[in-house]
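Numbering (this note's numbering), first residue to last: 859 to 1113.
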DNA sequence: ATGGCCGAATCTTTCGGA
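Structure, rendered in structure tokens:
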């Protein structure tokens, strides 16, 4: 089974790229982030006509997550259950597919760091950590895949000096990532690739792709049952070189 | 070809992203 995550930055602009990729790479389950549309505007039939199952948590204009699967989807949660806010943002979808629990996750960005946005990011992650703790009750692989907006360590960005004061890399945020891991989750990419420097995001600005100025912020976290079964984890950077690409590339793990 | 983003909605400008 291949489980993937891709911040697509508008599903309607890139639905053909998504379908083409999951077919050519033989992806079984794909979590999407930043679909940037309400559920009614998600191109569901484009995927269901090709025999995929689709679940969507939409929002107008920005955010939004979805899951596309070769196999039937049982929805477990349409948000983080213990995260209460006045207007819920579409950032979390948790499902069961076959004998796997899988989530598509879009963690808030948090910039600028001297603002309510960072506080929101921290409180969102804290609620997520509490929830992830509860997910450890499942005696099967739990796969928490998404755009975490966290650069876990110095080796996960092209230049630590550029990023060290950013909401993606400040110590408080890196600490949260370690907190999740310390619950008993593994960073799939790092589990498989001990020292590799690879990126999943290159900014549209400043010619970042051409200069290879990237960062690794899209992650697939797995519990110990997942770690027992994992065979490989790869970032497919080729997608960033397409015409009209998303600024993120997909990451996938094979079980 | 050395020169700097992109997407959606509020739409010839603003906001959010990272």
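Don't be surprised by glycine CBs; every beta carbon is placed ideally from N, CA and C.
request  = Apply the 10 Å Cβ neighbour rule to residue 929 and answer buried if 16 or more other Cβ atoms are within range, or exposed otherwise.
outcome  = Here residue 929 is taken as the residue at index 71 of the first chain, counted from 1. When all chains shown are included, residue 929 counts as exposed.
Distance cut-off 8 Å: residue 1058 Cβ against heavy atoms of the ligand NAD: Although the ligand NAD was asked about, the structure shown includes no ligands whatsoever.
Handout entry: Which of helix, strand or coil DSSP assigns to residue 1114
Key = With the chain running from 859 to 1113 in the structure shown, residue 1114 is simply not present.
Beta-carbon spacing of residue 1111, residue 1001 below 9 Å:
Residue mapping note: residue 1111 aligns to position 253 of the first chain, counting from 1. Residue mapping note: residue 1001 aligns to position 143 of the first chain, counting from 1. In contact: residue 1111 and residue 1001 (Cβ atoms closer than 9 Å).
With a threshold of 16 other CB atoms inside 10 Å of the CB of residue 898, please say whether the residue is buried or exposed.
Sequence index remark: in the first chain, residue 898 carries index 40 (1-based). So residue 898 ends up on the exposed side.
Looking at residue 963 and residue 889, is the spacing between their C-beta atoms short of 9 Å? By one-based count along the first chain, residue 889 stands at place 31. By one-based count along the first chain, residue 963 stands at place 105. Result yes, Cβ atoms of residue 889 and residue 963 sit closer than 9 Å.
Whole-Å CB distance - residue 948 paired with residue 979, under 8 Å assumed: Within the first chain, the letter at position 90 stands for residue 948. Within the first chain, the letter at position 121 stands for residue 979. 16 Å between Cβ atoms; not a contact.
- Got a sec, what are the start and stop residues for the beta strand (DSSP E) residue 889 sits in? The count along the first chain starts at 1 and reaches residue 889 at position 31. Unbroken beta strand (DSSP E) run through residue 889: 887 to 891.
Coil, strand or helix - residue 934 by DSSP:
For the purposes of this step, residue 934 is taken as the residue at position 76 of the first chain. Three-state result, residue 934: strand.
Residue environment, residue 894, which counts as buried when at least 16 other CB atoms sit within 10 Å: Start at 1 with the first residue of the first chain, and residue 894 comes out as number 36. Residue 894 is buried by the Cβ-count criterion.
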